[in-house]
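According to the numbering used here, the sequence shown is numbered sequentially starting from 352.
I have placed the structure first, in the form of structure tokens, so that the comments after it can refer back to it.
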Amino acid sequence: MKLAAVLINFSVASFAAQALAVQYEQYILAPSSRTLHPISVYNVDGSVVGAESLVGDDLGSATFQGISAVTFDYGKEIGGVVSLTIGEVDDDQYIGITFAESSLWISGIGSDGGSFSQFDSPLWFRPSGPGVYTVPREYERGGFRYLSLIKNSTETLEVTQVTTHFTPMPHYSEDALRNYTGFFHSDDELVNRIWYAGAYTNQLCTISPVYGNSLPWLLIGNSDEISAYWFSNTTISNGTSVLVDGARRDRLVWAGDMAIAVPGIVVSTNDLISVRNSLDSLFALQNGTTGQLPYAGVGFFPDSYSETYHLYTLIGVANYYLYANDIEYLSNIWSQWKTAMDYSISQIDDSGLMNVTLSADWLRFGMGAHNIEANSILYHTLQQGLILSRALNDSGVTELYTEVAETLKSSANALLWNETAGFYNDNETSSLHPQDGNSWAVVANLTDSPEKVARISANLQRRWGPYGAPAPEAGTAVSPFISGFELQTHFAAGNATRALELMRLQWGYMLDGPYMTNSSFIEGYEFSGALHYAPYPNDVRISHAHGWSTGPTSTLTFNVAGIVLEGPGGATWQIKPQLGDLQSVHAGFSTGLGLFENRYEKQDNGTFKMVFETPKSTKGRLSIEHSECAGTMVLRDLGGACDDTVVDVDSNPGGRVEFANVVGGRWEIDFKCSS
Ligand SMILES: *[C@@H]1O[C@H](CO)[C@@H](O)[C@H](O)[C@H]1NC(C)=O
Ligand SMILES: *[C@@H]1O[C@H](CO)[C@@H](O)[C@H](O)[C@H]1NC(C)=O
Ligand SMILES: *[C@@H]1O[C@H](CO)[C@@H](O)[C@H](O)[C@H]1NC(C)=O
Ligand SMILES: *[C@@H]1O[C@H](CO)[C@@H](O)[C@H](O)[C@H]1NC(C)=O
Ligand SMILES: *[C@@H]1O[C@H](CO)[C@@H](O)[C@H](O)[C@H]1NC(C)=O
Ligand SMILES: *[C@@H]1O[C@H](CO)[C@@H](O)[C@H](O)[C@H]1NC(C)=O
Ligand SMILES: *[C@@H]1O[C@H](CO)[C@@H](O)[C@H](O)[C@H]1NC(C)=O
Ligand SMILES: *[C@@H]1O[C@H](CO)[C@@H](O)[C@H](O)[C@H]1NC(C)=O
Ligand SMILES: *[C@@H]1O[C@H](CO)[C@@H](O)[C@H](O)[C@H]1NC(C)=O
Ligand SMILES: *[C@@H]1O[C@H](CO)[C@@H](O)[C@H](O)[C@H]1NC(C)=O
Ligand SMILES: *[C@@H]1O[C@H](CO)[C@@H](O)[C@H](O)[C@H]1NC(C)=O
Ligand SMILES: *[C@@H]1O[C@H](CO)[C@@H](O)[C@H](O)[C@H]1NC(C)=O
């Protein structure tokens, strides 16, 4: 490895980084209008004359003659409030609406459901004459692709339009829904589509806080034999928008989910106010006696707690500070943060590890004792606490957090590392090797050697099936949530090709597989590929738009394009691209400080060029992979202020060339093979 310090002595000419034109707009799935109409007829049952005329924006005329039904397709997952425009109608008859995210659940009996046993009941209109009929707002359907109209009596009825008012991202004007602050493009079309489907999934999970909680019967009970009663009108946070777990279900704030969703939001829409509203809603529920943060936000069972989701809320604050550069927010929440950390530290026993006694986590099974996942997350959170305390000049916790973290790390490696397997055990009395704990141990740097990282990454890959990576700690489940951390593990092991393979395999299936929405990412499924999720007793419950499943969006930007924010808002940064088997990548996003952008193109002969830009007020470092050939690398200031830095590089696969102290601006790395 070569180290070349680049010393900068005067600032470059002004560079307009403010206005980021929406690049690669053709991949964006968000609509340009909130008024949406079906794009095709999926199926007709019985006699519906002119069903096709309701496709598109113009008024049509579809006449239901007797008992009949039609299913429309919106072409992608959407969410919102449905209106029907009724034309001719006889007296005293009904028309019902059912919804489905997956084509698997299209039904004339009910909609895909949120309860543990049943379908959601249809919505019924009893039109008294021509006009527009809109469902009450609490019956907004947060996620669906298919909408069916059901006529259950023998008279005729005319529908002239079916309209859905798109309600996600309520705080954005209609013409801003597609105005992303970030973009991604590579030479792999599937990978590009995965990035944008993740960005859109997170938009669908950003809702009005007064229409939260699609599971009210979890609290009030349900006695309906046929189908579950549903509505969504719990106020779950302050503010005008909030980030929830899923578009249709649960429509609740869950801190674990945010650990994957929030970085994806930062690189695509940078919608941090919704993130902050979610965090605030969790801190508002902090237990004044114990310091515990809730398992989930308002609307879920009161006084339910989880050791890991408690920590995820603290990680949420660290992430929010890193991305938003909001020291005032951090300063205001810091004493609550420390109280919560004191609680977690109090759960550590003589072994140096936390003994988990609450089983609640991401719905994995067997969460307890000296669990490797929970302890890795605690280790990571302690490191975040040290970063935050330094930002606040609070040295009072330095010694405690440092010592607790060091002991925890050595204890975990002594008690839970399984040298024969090349994996951590789930806990001391188990030889199950969990996907969550092994991925998290790497992500948290709980591993104490690069060899462990390499072995975990390779061993995780050996377990993949045709539809993705297993999570044996959750029975037969494939967890797109935990697989987001597995992606980070492969990048940490320096194997971007492996991470990209997992994206294509698993997220490719989630995007293009049968019964998927082909636009948003499912919450979980089975190792066999079936749309069954081990923690749930019924399959209709599975959400098809879950923010926790959007891991590739941030990893493609942070790890493949290699744009890493190190200091708050990107005041300090690292550019560390890992293209794996890709030939080219172009990505960028804005923070409050300005635009971060990187374009990297390889030639077949080993030559490559990289052009990157960071805000002028910032400073960073570069870590550039060697090519397969030896040659000359030139670091060039495209602002023209500095002389070129020239480095001779040998052909050392896996090696990297590092440059420190690079000031913000527009730069080029030009590498040419020597022969
Ligand atoms: C149609 O469904 C509505 C709503 O459930 C119900 O009240 C009505 O009796 C049904 N009509 C017939 C003919 O079954
Ligand atoms: C979004 O972008 C479009 C096209 O560039 C522009 O016309 C519109 O004003 C933007 N909307 C907002 C709210 O910035
Ligand atoms: C929510 O909607 C249900 C069904 O319409 C209604 O009974 C309930 O009063 C509403 N709750 C609130 C808080 O508005
Ligand atoms: C809104 O903010 C107030 C004041 O901080 C707080 O008491 C309340 O719990 C918050 N509401 C929600 C739903 O988080
Ligand atoms: C706080 O936590 C304790 C211990 O789990 C519990 O007994 C209590 O009900 C919780 N709630 C409040 C509001 O203190
Ligand atoms: C230890 O891990 C195994 C495998 O996940 C699990 O079955 C068991 O319940 C765990 N022990 C405790 C005490 O949680
Ligand atoms: C964890 O705590 C529980 C409850 O106090 C106890 O029964 C169990 O033995 C402890 N586990 C370990 C590994 O110390
Ligand atoms: C921490 O100390 C530094 C150096 O004295 C100062 O510049 C900075 O404003 C302080 N930060 C806070 C949050 O007080
Ligand atoms: C290590 O893991 C293997 C299974 O991969 C298991 O058979 C063995 O018992 C484990 N060893 C220890 C010490 O836990
Ligand atoms: C990981 O932890 C070790 C100490 O255990 C430390 O030397 C190293 O710098 C850490 N790596 C990162 C990336 O923080
Ligand atoms: C990276 O992973 C691929 C499989 O995805 C494997 O073939 C290759 O050997 C790995 N590279 C290294 C350096 O381990
Ligand atoms: C490598 O390929 C590029 C593009 O085809 C070409 O411009 C360059 O001259 C080639 N370099 C060498 C050393 O062959």
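Glycine included, every Cβ here is placed at the ideal spot set by N, Cα and C.
These figures come from a predicted structure and were not determined experimentally.
- F774 carries a strand assignment under DSSP once its states are collapsed to helix, strand and coil.
- In the DSSP assignment, K960 is bridged to E952 and D1021.
- The beta carbon of S583 lies closer than 7 Å to those of E489, E491, G493, Y562, G563, N564, S565 and R602 in the same chain, with the five residues before and after it left out.
- In the structure shown, the three-state DSSP call for P831 is helix.
- H784 has its CB nearer than 7 Å to a heavy atom of ligand 9.
- In the same chain as G459, and ignoring 5 residues on each side of it, the C-beta atoms closer than 6 Å to its own belong to A420 and I501, in chain order.
- Three or more beta-carbon pairs separated by less than 8 Å link the stretch 508–520 to the stretch 424–439, which places the two stretches in contact.
- F963 and N949 have their C-alpha atoms some 4 Å from each other.
- Here the distance from the Cβ of Y484 to the nearest heavy atom of ligand 1 is not below 7 Å.
- The beta carbon of L673 sits closer than 7 Å to the beta carbons of L916 and P919 from its chain, once the five residues preceding and following it are set aside; these are given in chain order.
- In the three-state DSSP reduction, K970 falls in the strand class (E or B).
- Residue burial is scored here from C-beta neighbours: D995 has fewer than 16 other C-beta atoms within 10 angstroms and is therefore classed as exposed.
- In its chain, beyond the 5 residues on either side, V373 have a beta carbon closer than 7 Å to the beta carbon of N530.
- By the CB criterion at 8 Å, G971 and W924 fall inside the cutoff.
- Using a 10 angstroms sphere on the CB of T591, the tally of other CB atoms stays under 16, which defines it as exposed.
- With contacts defined by Cβ atoms closer than 8 Å, S978 and C1024 form a contacting pair.
- When C-beta atoms of the stretch 789–807 are compared with those of the stretch 720–731, three or more pairs fall below 8 Å, so the two segments count as touching.
- Shown in chain order are the residues whose CB sits closer than 6 Å to a heavy atom of ligand 2: S524, D526, A527 and N530.
- Exposed is the label assigned to P801, since fewer than 16 other Cβ atoms lie within 10 Å of its Cβ.
- Taking 8 Å as the upper bound for CB-CB distance, I611 and V626 are not in contact here, some 12 Å apart.
- Going by C-alpha positions, Y876 is about 32 Å away from Y523.
- Note that the stretch 374–381 does not touch the stretch 392–406; fewer than 3 beta-carbon pairs, one per stretch, sit closer than 8 Å.
- Runs of the beta strand (DSSP E) spanning 3 or more residues and lying entirely within the stretch 414–483 occur at 446–451 and 474–476, in chain order.
- Annotation: E779 is outside any alpha helix (DSSP H) and is labelled neither H nor E by DSSP.
- Of all alpha-carbon atoms in H731, G826 and E754, the one lying nearest the alpha-carbon of V794 is that of H731.
- The stretch 525–543 and the stretch 463–482 do not touch, with fewer than 3 CB-CB distances between them shorter than 8 Å.
- With respect to W581, G717 sits apart: the two C-beta atoms are not nearer than 8 Å.
- Counting of Cβ neighbours within 10 angstroms places A843 among the buried residues, the total reaching 16 or more.
- Residue pairing by DSSP places R492 opposite G431 in a beta bridge.
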